[in-house]
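The sequence shown maps to residues 7 to 136 in the numbering used here.
We treat Cβ as the ideally placed atom computed from N, Cα and C, and that holds for glycine.
Keep in mind that this is a model prediction, so the values were computed, not measured.
Just below is one structure, and these are the notes that go with it.
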Amino acid sequence: MIAGLTWLVGFQLLGELVVRVTDVSVPGPVAGMMFLFVYLRLRRYDDAGSIVQAGTALLRHLQLFFVPAGVGVVAYLSVLGHDALPIGVAMVGSWLLGLVAVGWTAVGLERLLGRPRDDLPGHLPETGTT
Numbered sequence: 007m008i009a010g011l012t013w014l015v016g017f018q019l020l021g022e023l024v025v026r027v028t029d030v031s032v033p034g035p036v037a038g039m040m041f042l043f044v045y046l047r048l049r050r051y052d053d054a055g056s057i058v059q060a061g062t063a064l065l066r067h068l069q070l071f072f073v074p075a076g077v078g079v080v081a082y083l084s085v086l087g088h089d090a091l092p093i094g095v096a097m098v099g100s101w102l103l104g105l106v107a108v109g110w111t112a113v114g115l116e117r118l119l120g121r122p123r124d125d126l127p128g129h130l131p132e133t134g135t136t
């Protein structure tokens, strides 16, 4: 578990270092996750067992990571109340744009890869029998 956490923090540190050295406008932890993804894709599953174990343990307690955000919301409740309409419009708008972007991306990838959708109503999957 400690080895896996060390690997995860190490990749986050690597991401921070690369972002600061290259002055790229990507958050360091996001760059670290990309490096971790590449590492995990290149390694076999057995070799990355401690990383997977640590990641699973962190995901099991993911709700604890939302506590600081909740405290921040409560601390700035008066500011949020004053600007509730613009904040609400921004939240709903960004959610809607994200939903549309994911939908268009999925449709585009289906067309690009030439894979038909198998979840359409009335579509029966092929069983290979005649």
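One thing to note: Val15 has its Cβ no nearer than 7 Å to the Cβ of Val25. Bounds of the alpha helix (DSSP H) holding His88 are 83-88. Under the DSSP assignment, Val27 falls in the alpha helix (DSSP H) whose first and last residues are 8-28.
Going by DSSP, Pro33 is part of no alpha helix (DSSP H) at all; its letter is neither H nor E. By the beta-carbon neighbour count (other beta carbons within 10 angstroms, threshold 16), Gly104 is exposed. Taking all protein chains shown into account, Ala9 has fewer than 16 neighbouring C-beta atoms within 10 Å of its C-beta and is therefore exposed. According to the DSSP assignment, Arg66 belongs to the alpha helix (DSSP H) that extends over 55-66. With respect to Gly34, Phe17 sits apart: the two C-beta atoms are not nearer than 7 Å. Contact between Phe41 and Gly21 is confirmed by a C-beta separation of about 6 Å, below the 8 Å threshold.
Taking the Cα positions, Val36 is about 12 Å away from Val30. In the three-state reduction of the DSSP assignment, Arg121 falls in the coil class. Between Ala81 and Met7, the C-beta spacing is not below 7 Å.
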